[in-house]
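Enquirer: Every letter in the sequence shown is one number past the one before it in UniProt numbering, and letter 231, counting from 1, is 231. We treat Cβ as the ideally placed atom computed from N, Cα and C, and that holds for glycine.
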Amino acid sequence: MTLELKNITTVVNQGTPEEKTILKQINLKLQDGDFVTLLGTNGAGKSTLLNVINGSLKPSSGQILLDGTDITNLSEVKRAKDIAQVFQDPKLGTAPRMTVAENLLLATKRGLRRSLKMRGLEKHLAEFKEKTAQLPNGLSKHLQTFVGNLSGGQRQTLSFLMATIRRPKLLLLDEHTAALDPKTSQNLLALTNDVVSREKITCIMITHQLSDALKYGNRTIILNSGKIVLDAYGEEKKQLTEEKILEFFTN
Numbered sequence: 001m002t003l004e005l006k007n008i009t010t011v012v013n014q015g016t017p018e019e020k021t022i023l024k025q026i027n028l029k030l031q032d033g034d035f036v037t038l039l040g041t042n043g044a045g046k047s048t049l050l051n052v053i054n055g056s057l058k059p060s061s062g063q064i065l066l067d068g069t070d071i072t073n074l075s076e077v078k079r080a081k082d083i084a085q086v087f088q089d090p091k092l093g094t095a096p097r098m099t100v101a102e103n104l105l106l107a108t109k110r111g112l113r114r115s116l117k118m119r120g121l122e123k124h125l126a127e128f129k130e131k132t133a134q135l136p137n138g139l140s141k142h143l144q145t146f147v148g149n150l151s152g153g154q155r156q157t158l159s160f161l162m163a164t165i166r167r168p169k170l171l172l173l174d175e176h177t178a179a180l181d182p183k184t185s186q187n188l189l190a191l192t193n194d195v196v197s198r199e200k201i202t203c204i205m206i207t208h209q210l211s212d213a214l215k216y217g218n219r220t221i222i223l224n225s226g227k228i229v230l231d232a233y234g235e236e237k238k239q240l241t242e243e244k245i246l247e248f249f250t251n
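1) State the Cα-Cα distance for the pair residue 294 and L57, rounded to the nearest angstrom.
2) I'd like to know if the segment 83-93 and the segment 165-178 are in contact, where contact means that at least 3 CB-CB pairs between them fall below 8 Å.
3) Across which residues does DSSP place I22 in a beta bridge pair?
4) What does DSSP give as the partner residue(s) for K227 in the beta ladder?
5) According to the neighbour-count rule (16 or more other Cβ atoms, all chains shown, within 10 Å of its Cβ), is R155 buried or exposed?
6) Could you tell me which of I53, K20, F35 sits nearest to R198, measuring between CA atoms?
7) Below 8 Å, can you find three or more Cβ-Cβ pairs linking the segment 41-55 to the segment 197-217?
8) Between which two residues does the beta strand (DSSP E) harbouring G62 extend?
9) Exposed or buried, which one is G153 when buried takes at least 16 other CB atoms within 10 Å?
10) Alpha carbon to alpha carbon, how far is E236 from L223? Give it in angstroms, no decimals.
11) Consult DSSP for L171 and reduce its assignment to one of helix, strand or coil.
12) Could you tell me which whole beta strand (DSSP E) segments of length 3 or greater appear in the segment 82-130?
13) Are S60 and T10 touching if we call contact CB-CB under 8 Å?
14) Just to confirm, are G217 and T37 a CB contact at a threshold of 8 Å?
15) Between which two residues does the alpha helix (DSSP H) holding V147 run?
16) Measuring alpha carbon to alpha carbon, tell me which of N73, L125, L230, M98 ends up nearest G55.
17) State the Cα-Cα distance for the pair V100 and Q88, rounded to the nearest angstrom.
18) Determine which residues share a DSSP beta bridge with R219 and list them.
19) Taking 7 Å as the cut-off, does the CB of N13 come closer than this to any heavy atom belonging to the ligand COA?
20) Thinking C-beta only, is D32 closer than 8 Å to T241?
21) Is M1 helix, strand or coil by DSSP?
And the structure:
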């Protein structure tokens, strides 16, 4: 899988006094299996970048290529077959009035045509129990629990499993541990690292924690004022320190 962004510029509130350019001529190419930790100050354009990639926001100019195919004008729904995302808010990405098992069944059909009937749930229960048994937060005991009754940590762990139960070409993580307590956050990060590394999933993970950016992934990118000011991988990433990263946060 390759993802290529060519000269991506995103302008919001065009033609109004609030007009603002969020992303400025972004050029980026991800290779298969790249695990990117993405850093930047508030307003730097991190979430906007993910929204442009997932199709929920169309760039003002530029081109997006996935495996060489131009997906710039492809809808968010059509991109969902190849691109999965976990959001910062545990309430996003799951259906609260459906059970854990029902949510997982929906996730197995991501990007496929679906009917309103939950067909084939029973034959998947053993598989779902096995997969959730490997996760923190005791999700395997809650397959028949409505998702709205889960804790934030359980719900976010479920969201991650739903995003990866069918291996996506690209996984986007928008500060997916930020709303969790420190212990639950570290458990989910460890799970993330294990799954992404084992399955060799191409992944972009937004984080505000410098230590996590250094610890995880093979590549670290820093956005500042809508531009990529650092793209470090391999030995360059290994040589990074928190002090060196902070130097890129000044305007």
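Expert: The structure says:
1) As shown, the chain starts at 1 and ends at 251. That puts residue 294 outside it, with no answer to give.
2) yes
3) BP columns for I22 are empty, so no partner.
4) Under DSSP, K227 forms a beta bridge with N224.
5) buried
6) F35
7) yes
8) 61-66
9) buried
10) 17 Å
11) Residue state, collapsed to three classes: strand.
12) 83-86
13) Yes; because the gap between Cβ atoms is below 8 Å, this pair is in contact.
14) yes
15) V147 -> no alpha helix (DSSP H), and no H or E assigned at all.
16) N73
17) 19 Å
18) V36, Y233
19) This structure lacks the ligand COA; in fact it carries no ligand of any kind.
20) Taking C-beta atoms as the reference points, T241 and D32 fail to come closer than 8 Å.
21) coil
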